[in-house]
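Oh and the sequence shown: position 269 is 505 in the numbering used here, straight run, nothing missing. C-beta: ideal position from N, C-alpha, C; glycine also. No experiment lies behind these values; they were computed from the predicted model shown. The structure appears right after this line, and notes come after that.
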Amino acid sequence: MRRLMLILTALLASAAFVASAMADTFKGTGRGKSEEAAVTSAVGNAIEHAVKQLIDDASFKKHKSKIVKALKGKNKKLVTRFQQEGDPEFTGAGYEAEVTAEVNMKALEAEMNSLGILQEAMGNPRIMILYNPKLPQGGTLGMTRRDMEAFFDNSYGSMVNVFVERGFDVIDKKSAESFAIQVADTHEIDVDVNKAAAYGLKYNADLIVYYQTVGIGKEGYAGGGAKIFLRAQLINPTTSRIISSKDVESQAYAGTLQEALYRAAKDVGTKISNLMIENIKVNWKREKSGGGTFIVVLDGVDDAEEAIAFRDKLKSYQGMDNTRDRESGGGKTTIEIKFGGSADDVKSAVLKAARELGWKLKLIRAEGSRSSWKRAE
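Here it is as C-alpha cells:
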C-alpha cells in the first residue's frame, strides 16, 4: 500500500511538473461585485493576454466575442495555478483584483485551433534567405569566384522559387546579396547566428534560412561534374534561436564544370527548401507565439548611456524586470523584454519610458511581438 502511495505521489508530481513546463506566466486585472468575482475576472483577463500571444491584435478584435464565449468557464482547465497580487481592493462600485497566472499554452492553443481562428491568423511567415559564402576550412566550391557566384545565383533562385510557389513572402535578393558580400569581406570562417538574426530583424523577417555549402568539382575532356553538400539552419531572428538544421547533397554532370555547378546548385536549393518548409509547418505556430518575448527597436538611439537609461526605465516597471540589451549601433538599439502581458502593454510601457526620459517616439511598425520606433529630434 505504501509503495502504491509513493508511486501515485510521484506520478502526480510528474504531471504537475509537465503542466508547469507547458505554462507561461501572464498578469491580469479584473473587476467584480465581490472579491471572488474580481479574482475570476482577473484570471480571465490573464488568459486573454495569453490568447494575444497566439494570434495578432487584429484577429483577436475580429473574433473577440467568439473567443470569450468559447473560453467562458474554462479558467480551471487553462490555468495551472495563479497568485493574487495583494488583497482585492474595494473601489466603491465593487472590487478590483490583480493576479499572476500560469496559463497552459498547449491547452489554450487547442481551444483556438478548435475555433479555426489560429490557422486563419497564422498565415505564412516572411522569409529571408541568407547565403554564407565562407567555406569550411579546406573546403572548395568549383575552381573560381565565378563558380561561387554561379552557385549563389542558382541555389538562391531555386530556393526563392520553391518558397514563393508554396505561398511564402520572400525578402528581395538585393538585401540577401548585400549580406553575402559583408560576410565575404570579413575574415571569419563562420558567421555568428546572432549576426544573421540581426540582419533578419533589419528587414522585418519572421524566419531566416541561413545556408552554407562545400562542393567538389572536376573538369575533364568529357565535361564537368559537381557534387555539392549544403547545410541550412532555420533561425528565429527575434530570439536568435536555431529552430532546425538540415543537410542535403546533390550531384550533376554537364559539358562544363560551371554548368554542372548550375544544375547541382538548383537541385540542392530545391531539396533544402522543401525540408525547411516542412519544419516551418511544424514549428511556426510556436515561434509566432513568442513565448512572452518582445523586441523593441529604437531608431535614432545608439548612445550607450541613453540606451541603458531607456532599458533601466523599462526594467523598473512591474513585470518587466527581465529586460536586456540585444544590440546597439548604426543609429539603432534593440531591446528584448520577457513579459507576461500583451503587445499593447509593451507599447504603453515604451511610450511611458520615453515620456519620463523626455523623448518623443513615433511607432513605425508593429507586428506580433516586435515593434519599431523612431526617435524625433
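A straight line joining the alpha-carbon of Thr316 with that of Val339 spans about 6 Å. In this structure, Val582 is the residue among Val582, Ile291, Asp538 and Ala306 with its C-alpha nearest to the C-alpha of Gly555. With contacts defined by Cβ atoms closer than 8 Å, Ile508 and Lys482 form a contacting pair. For the set Leu290, Lys610 and Met395, the Cα lying nearest the Cα of Lys342 is the one of Leu290. Around the beta-carbon of Asp323, fewer than 16 other beta-carbon atoms lie within 10 Å, marking it exposed.
Inter-segment contact for the region 545 to 565 and the region 587 to 605 is present: three or more beta-carbon pairs are separated by less than 8 Å. Separation of Arg611 and Val533 (C-alpha to C-alpha, rounded to the nearest whole angstrom) is 11 Å.
Each of Arg467, Gly459, Ala434 and Tyr439 was checked against the Cα of Tyr446, and the nearest Cα belongs to Arg467. According to DSSP, residue pairing for Ile571 in a beta bridge involves Val532 and Asp561. Look at Ile478 here: in three-state DSSP terms it is strand. In the three-state reduction of the DSSP assignment, Asn281 falls in the helix class, which pools H, G and I. Note that the region 258 to 276 touches the region 319 to 335; at least 3 beta-carbon pairs, one per stretch, sit closer than 8 Å. In its chain, beyond the 5 residues on either side, Pro361 and Arg362 have a beta carbon closer than 6 Å to the beta carbon of Asp442. Using a Cβ distance threshold of 8 Å, Gly460 and Glu514 do not count as a contacting pair.
By the Cβ-count criterion, Leu497 is buried, with 16 or more other Cβ atoms from all chains shown falling within 10 Å of its own Cβ. About 10 Å separates the beta carbon of Val287 from that of Leu351, a gap too long to meet the 8 Å contact definition. Beta-bridge partners assigned by DSSP to Gln554: none are found. According to DSSP, residue pairing for Ala337 in a beta bridge involves Phe262 and Phe318. In the DSSP annotation of this structure, the continuous segment of the alpha helix (DSSP H) that includes Ser295 starts and ends at Asp293 to Lys298. Within 10 angstroms of the beta-carbon of Asn281 lie 16 or more other beta-carbons, which makes it buried. Of all alpha-carbon atoms in Ala412, Glu347 and Phe318, the one lying nearest the alpha-carbon of Ile303 is that of Glu347. The criterion of a C-beta distance shorter than 8 Å is not satisfied by Ser476 and Val518. A residue is called buried when at least 16 other Cβ atoms come within 10 angstroms of its Cβ; Ser564 meets this threshold and is buried.
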